[in-house]
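Asks: Going left to right, the sequence shown walks through residues -18 to -1, 1 to 909 as mature numbering (1 follows the signal peptide of the UniProt record, and there is no 0) numbers them.
Just so it is clear, CB atoms sit at the ideal spot from N, CA and C, and this is done for glycine as well.
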Amino acid sequence: MAFVSFLIPCFVIGTDIAFSCQNTDDFVGASSPGDIVIGGLFAVHSEMLPPEEYPIKPVIQNCAGFEIQIFLQTLAMIHAIETINNSTLLSGVTLGYEIYDTCAEVTKAMASALRFLAKFNSSEDVVEFKCNYSDYVPRVKAVTGASYSEVSMAVSRLLALQLIPQVSPASSAEILSDKIRFPSFFRTIPSDFHQTRAMAHLICESGWNWIGVIATDDDNGRFALESFGVQAMANNVCIAFKEMLPAYLSDNSFHTKVDHAVEKIVKETRVNVIVVFMRQFHVLKLFKKAIERNVNKIWIASDNWSAAVKISTIPNIRQLGTIVGFGFKSGDISTFQDFLRNLHEKPTDNNKFLREYIMLLSVCAHLEYHDFQMCISNQSQDDLLQNVENKHQIWRDGFLNANIESGFIHSTILAIYAIAHAIKGQCKDRNCKDPSAFTPWELLEELKKVTVIDDGKESQFDSNGDMSTSYDVLLWKEINGHMEITTMAEYDPEKGHFIFKDEEKKKEFLDLKKVQSTCSQHCRPGQMKKVTESPHTCCYECVYCPENHYSNQTDMDYCYRCNNKTYWAPVNSTTCYRKTIHFLAWTDWFAIFLLLLSAFGVVLVLSISVIFTKNLNTPVVKASGGLTVCYIILFSHFLIFLSTVFFIDEPTEFKCKTRQALFGISFALCISCILIKSLKILLAFSFDPKLQNFLKCVYKPIPTVVTCTGIQVIICTFWLIFRTPFVKQNFSIPRAIILECNEGSIVAFGIMLSYIAALAFICFIFAFKGRKLPENYNEAKFITFGMLIYFIAWIVFIPVYATTFGKYLPAVEIIVVLISNYGILCCTFLPKCYIIIYKQETNTKSAFLKMIYTYSSKSAGSVAVSQISLDSKSSSSRATISESCKSEKNSVNGNCHFQVSGQTLRKGKVLPKNTTRTVARKRLSSI
């Protein structure tokens, strides 16, 4: 198991363990000679002690806080080098090493880097200044480390002066991928870019969007926070607060900042997920304080501490909640574990770190495991010196193996092997026992091309100097009363998704969703987020999607719009619904009613046809123009009734083109025939010579009907050719599509109706003039009524049609067509049918002659009186005529002398009795 970090001042105890830096050789932590020397930079101690004297002098200070996990990395480097030396990889060339303790401090790391830059075999470790270091042979050929990104940034800039390759097993800052600023830097782990993206994916997939972040106030912490902020924003995750803790424990404000961070966590009750980018000793202090305040959250650990055993053994660690972390992918480290089991047999002469560890074991050997860790953490320099004198060195088997963080160990071994393979490439044609056989910059170029076989897989550096290995997603679980760090999943940086070994692991991952960490409640499907006054986009209100919009996922920023032409959606909808297609269907009750009216009209037309056919030779039928004219009129009425069928059911191109043309031409034919009848009646009963002459010129039955109907045919033909009606989808109703016929041209439609109206108006004028026909035969009066019905119906139709929409729009026109058709049909034929059926005594030739005789006598007398009144100018003449009229008042005709059909009116003479009867016969014959 791992232990809690602690402070141990560097000190001197005899000649066997001297920790103070008296000369440059004392500065080295562990070393071994070899043909090719590799440098190592590791933060074996957690801090460098502050100077005690004033004024401050440029003296390298001692370090404190022995870090078992980093110590294990130095042992991994030593193990890898020894394994390579004992293998045939380099064919007789041995590797040496010099490992330095950076104490997590840039200043001390720079001092170590200066020694790396010193000229090989220089007795005084002098770094020569040169304009060209191409042939320069420094003390080391390559460097492994450092443990922290902030240190690696500084060291890498210095090593870049001579292009000495630096391969880090732990520095993950994204900025180190910049080959312009860090041309000689490599690492055997992924960049923080992938780690922060993995964290953001985990947070997003768990349904969290309101989190807190705590980081160290150093380059590594700031860069990690910046990278995570970008990834969080890309995944719609908001950072509720950011807390930065001082990078060094010696900072006077450290404990105050920790207290403030814990207070912030407690205060933000809606934040239940905390992302932590800190070093292990920072996390240790933070968690101890959080346990005191009974904080229970989900903690997302960075690679720095996700596998830290010493943190997982903190008393009451389970009270903190759930800890999920990302660790570097581990390989097979069984040989290293064997190395650790035999570590007590290794000499300690050239390894100060091992000597210090053995001393710590001796001091705390009498304690149990947890107390043993606390002893190491809390041991002071004076206690350590006193205890070492009274204790024997005791080795504790299994302690180091229990504290292994396999990801870091594996990446350290991988770094050494990468350097060894690059050296092998340089030593193919050279004698590498000669230190000047190749230079660091040549090794750098070889390192870019190197491929290492790792657990059967090929690994190599990309163009940024990174190895894109995967991450282990770690879950801290309590097993048998102890906190165990288990692997829950694997994260593939290239594909950007999580890989689970089995369903149980996947369930553990899905169980994280049970914890809520959101600024606002999740918006359900059918709702969308409405941003509030908060600067964070994760803080919002949930509002319903408006009509014709929908959302089918949770927490949608906006609702999708339905295709308004074919789909609709109610308020708070999760989907769009297809609009129902509406038209005046056969099954519609109103359509059935109109069809029944049309059918009744057809039956009425057929009935009238039968009645007229059976009474073909009666005066009523003959007076109606004969059977031919009646059949034409009745056939046109039949076609008008038939045209209403084309207004019902789903519109088609054929129906749209047929219905108006059939109606228009049929109506024009009907009114043309009625117009001829009106002219004939007026001609028969007109006693005005001028009007009679005009009517005789106009009255051409067949040409008139053909012309009037032909004009309508021409209008409809042009209409159908140039602006033909078509089927149109009307989307004016929100939830339905109205299939209707677009008339193509309203102007053409208006011209067609206007032409019928013009014919009807002319017919109305002629019929109106002949309205005072004989009482038993007054067809002109009924024609007048029929035309009036037509006009009223179509005048009402125009505003109703213009303001009506929907599937019942065709019904409006059907109603008008039926009203006008029924009006003209009934006014034209029903009076005649009534006479034929119920007043058969008046449907005889003698009855008609008597009726016309009476009407002609009255009409002739009226015309004579009118003519005499206009021609007489003297009062004596008017008196003579008046007396003559009085004396003859009881005569057969009851009229004075008059002119009829070209006969000359003579004063004081009366027409013969048979003259009126002759006129009556002529009237009947003309009718």
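Check for me: the alpha helix (DSSP H) holding VAL257 runs from which residue to which?
Replies: As a working mapping, residue 257 is identified with position 275 in the sequence shown. That residue, VAL257, is in no alpha helix (DSSP H); its beta strand (DSSP E) goes 255 to 259.
Asks: In the DSSP assignment, find the unbroken beta strand (DSSP E) run with SER169 in it and report its ends.
Replies: Within the sequence shown, numbered from 1, the residue matching residue 169 stands at position 187. At residue 169 the sequence reads Arg, which differs from the Ser that was named. From DSSP, the beta strand (DSSP E) with ARG169 extends over 167 to 169.
Asks: What number of angstroms, rounded off, separates the C-alpha of PRO633 from the C-alpha of HIS564?
Replies: Taking the first residue of the sequence shown as position 1, residue 633 is located at position 651. Taking the first residue of the sequence shown as position 1, residue 564 is located at position 582. Approximately 10 Å, taken between the alpha carbons.
Asks: Excluding the 5 residues preceding and the 5 following LYS406 in the sequence, name in chain order all residues of the same chain whose CB lies nearer than 7 Å to its CB.
Replies: What you label residue 406 is simply residue 424 of the sequence shown in a count that begins at 1. Taken in chain order, the residues that qualify are LEU71, LEU72.
Asks: Please classify TYR783 as buried or exposed, where buried requires at least 16 other C-beta atoms within 10 Å of its C-beta.
Replies: Your numbering for residue 783 matches position 801 in the sequence shown. Under this definition TYR783 is an exposed residue.
Asks: Apply the 10 Å Cβ neighbour rule to TRP190 and answer buried if 16 or more other Cβ atoms are within range, or exposed otherwise.
Replies: Reading the sequence shown from its first residue, position 208 is the one you call residue 190. TRP190 should be labelled buried.
Asks: Let me confirm a value: TYR820 is counted as buried when at least 16 other C-beta atoms fall within 10 Å, else exposed. Which label applies?
Replies: Mapped onto the sequence shown, residue 820 falls at position 838. Label assigned to TYR820: exposed.
Asks: If you pair each beta-carbon of the region 155 to 170 with each one of the region 466 to 473, do three or more pairs fall below 8 Å?
Replies: no
Asks: Going by DSSP, what residues sit across from ARG543 in a beta bridge?
Replies: Within the sequence shown, the letter at position 561 stands for residue 543. HIS531.
Asks: Give the C-beta separation of PHE111 and LEU141 to the nearest angstrom, bearing in mind that I take them to be a contact with Cβ-Cβ under 8 Å.
Replies: As a working mapping, residue 111 is identified with position 129 in the sequence shown. As a working mapping, residue 141 is identified with position 159 in the sequence shown. Actually they are not in contact, since the Cβ atoms of PHE111 and LEU141 sit about 16 Å apart, beyond 8 Å.
Asks: Taking 7 Å as the limit between beta carbons, can you name the residues of its chain near PHE175, skipping five residues before and five after?
Replies: Along the sequence shown, read from residue 1 onward, the residue named residue 175 stands at position 193. Closer than 7 Å at Cβ, skipping near neighbours: GLU156, SER209.
Asks: Distance check for ILE63 and LEU77, CA to CA, integer angstroms please.
Replies: On the sequence shown, position 95 is the one that residue 77 refers to. On the sequence shown, position 81 is the one that residue 63 refers to. Distance between the alpha carbons of LEU77 and ILE63: 6 Å.
Asks: Assuming CYS815 and ILE593 make a contact with CB atoms under 8 Å, what is their CB distance in whole Å?
Replies: For the purposes of this step, residue 815 is taken as residue 833 along the sequence shown, with counting starting at 1. For the purposes of this step, residue 593 is taken as residue 611 along the sequence shown, with counting starting at 1. About 5 Å separates the beta carbons of CYS815 and ILE593, which is inside the 8 Å limit, making them a contact pair.
Asks: Could you tell me which whole beta strand (DSSP E) segments of length 3 or greater appear in the region 367 to 446?
Replies: 433 to 436, 439 to 442
Asks: Can you name the start and end residues of the beta strand (DSSP E) that MET226 belongs to?
Replies: Taking the sequence shown and counting its residues from 1, one reaches residue 226 at position 244. From DSSP, the beta strand (DSSP E) with MET226 extends over 220 to 227.
Asks: With a threshold of 16 other CB atoms inside 10 Å of the CB of PRO40, please say whether the residue is buried or exposed.
Replies: Taking the first residue of the sequence shown as 1, we reach residue 40 at position 58. Exposed, since its Cβ has fewer than 16 Cβ neighbours within 10 Å.
Asks: For ASP201, tell me which candidate among GLY194, LYS249, ASP454, LEU227 has the shortest Cα-Cα distance.
Replies: The residue labelled residue 201 in the question sits at position 219 within the sequence shown. Distance check between ASP201 and each of GLY194, LYS249, ASP454, LEU227 places LEU227 closest, using alpha-carbon atoms only.
Asks: Which whole-angstrom value describes the C-beta separation of LYS511 and CYS501, a residue pair presumed to lie in contact below a C-beta threshold of 8 Å?
Replies: Taking the first residue of the sequence shown as position 1, residue 511 is located at position 529. Taking the first residue of the sequence shown as position 1, residue 501 is located at position 519. Contact doesn't hold; Cβ gap of about 11 Å is too wide.
Asks: Do you know offhand how far GLN694's Cα is from GLY508's?
Replies: On the sequence shown, residue 694 is found 712 positions in, with the first residue counted as 1. On the sequence shown, residue 508 is found 526 positions in, with the first residue counted as 1. Cα to Cα, GLN694 sits roughly 57 Å from GLY508.
Asks: Would you report the Cα separation of SER393 and GLN301, rounded to the nearest angstrom?
Replies: Here residue 393 refers to the residue found at position 411 when the sequence shown is read from its first residue. Here residue 301 refers to the residue found at position 319 when the sequence shown is read from its first residue. Straight-line Cα distance between these residues: approximately 32 Å.
Asks: What is the residue span of the alpha helix (DSSP H) that ASN724 lies within?
Replies: Counting from 1 along the sequence shown, the entry for residue 724 is found at position 742. It is not in any alpha helix (DSSP H) - ASN724 instead sits in the beta strand (DSSP E) that spans 718 to 724.
Asks: Output the distance between the C-alpha atoms of ASN597 and ILE818, rounded to the nearest integer angstrom.
Replies: Start at 1 with the first residue of the sequence shown, and residue 597 comes out as number 615. Start at 1 with the first residue of the sequence shown, and residue 818 comes out as number 836. Roughly 8 Å between the two C-alpha positions.
Asks: ILE293 and VAL265: beta carbons closer than 8 Å?
Replies: As a first step, residue 293 is located in the sequence shown; it is residue number 311 there, counting from the start. As a first step, residue 265 is located in the sequence shown; it is residue number 283 there, counting from the start. Going by C-beta atoms, ILE293 is nearer than 8 Å to VAL265.
Asks: What's the gap between the Cα of LYS832 and the Cα of LEU609?
Replies: Translated into the one-based positions of the sequence shown, residue 832 becomes position 850. Translated into the one-based positions of the sequence shown, residue 609 becomes position 627. The alpha-carbon atoms of LYS832 and LEU609 are separated by roughly 24 Å.
Asks: Please report the distance separating the alpha-carbon of CYS521 from that of LEU791.
Replies: In the sequence shown, the residue the question calls residue 521 occupies position 539. In the sequence shown, the residue the question calls residue 791 occupies position 809. Going from the Cα of CYS521 to the Cα of LEU791 covers about 50 Å.
Asks: How would you call CYS409, buried or exposed, if buried means at least 16 neighbouring beta carbons within 10 angstroms?
Replies: If you number the sequence shown from 1, residue 409 lands on position 427. Answer is buried; the Cβ neighbour count reaches 16.
Asks: Taking the alpha-carbon of ALA400 as reference, which of PRO120, ASN333, GLU427 has the nearest alpha-carbon?
Replies: Numbered from its first residue, the sequence shown carries residue 400 at position 418. If we check each option's Cα against that of ALA400, GLU427 comes out closest.
Asks: Do you know offhand how far PHE308's Cα is from ASN534's?
Replies: As a first step, residue 308 must be located in the sequence shown, where it is residue number 326. As a first step, residue 534 must be located in the sequence shown, where it is residue number 552. Spanning the two alpha carbons is a distance of roughly 33 Å.
Asks: What three-state label does DSSP hand ARG506 in the structure shown?
Replies: Walking along the sequence shown from the start, residue 506 turns up at place 524. Note: ARG506 maps to coil in three-state DSSP.
Asks: May I have the straight-line CA-CA distance separating LYS90 from TYR115, to the nearest angstrom?
Replies: One-based indexing of the sequence shown puts residue 90 at position 108. One-based indexing of the sequence shown puts residue 115 at position 133. Cα-Cα distance, rounded: 24 Å.
Asks: Identify every run of the alpha helix (DSSP H) within the region 127 to 158, keeping only runs that are complete inside it and at least 4 residues long; order them along the chain.
Replies: 131 to 141
Asks: Using 10 angstroms around the beta-carbon of LEU852, count the other beta-carbons present and answer buried if the total reaches 16, otherwise exposed.
Replies: Residue 852 sits at position 870 when you count from the first residue of the sequence shown. Residue confidence is low: LEU852 scores 43 on pLDDT, short of 50, so the model does not pin down where it sits. Its coordinate-derived value is still stated next. Note on LEU852: under 16 other CB atoms within 10 angstroms of its CB, so exposed under the neighbour-count rule.
Asks: With DSSP collapsed to three states, give me the class of CYS45.
Replies: Position 63 of the sequence shown holds residue 45. In this structure, CYS45 counts as strand in the three-state DSSP scheme.
Asks: On the three-pair Cβ rule with 8 Å, is the region 571 to 590 touching the region 637 to 652?
Replies: no
Asks: I'd like to know whether the C-beta atoms of LYS123 and PRO422 end up nearer to each other than 8 Å.
Replies: Position 141 of the sequence shown holds residue 123. Position 440 of the sequence shown holds residue 422. Yes; because the gap between Cβ atoms is below 8 Å, this pair is in contact.
Asks: State the Cα-Cα distance for the pair GLU476 and ARG204, rounded to the nearest angstrom.
Replies: Looking up residue 476 in the sequence shown gives position 494. Looking up residue 204 in the sequence shown gives position 222. So the alpha carbons of these two residues sit roughly 25 Å apart.
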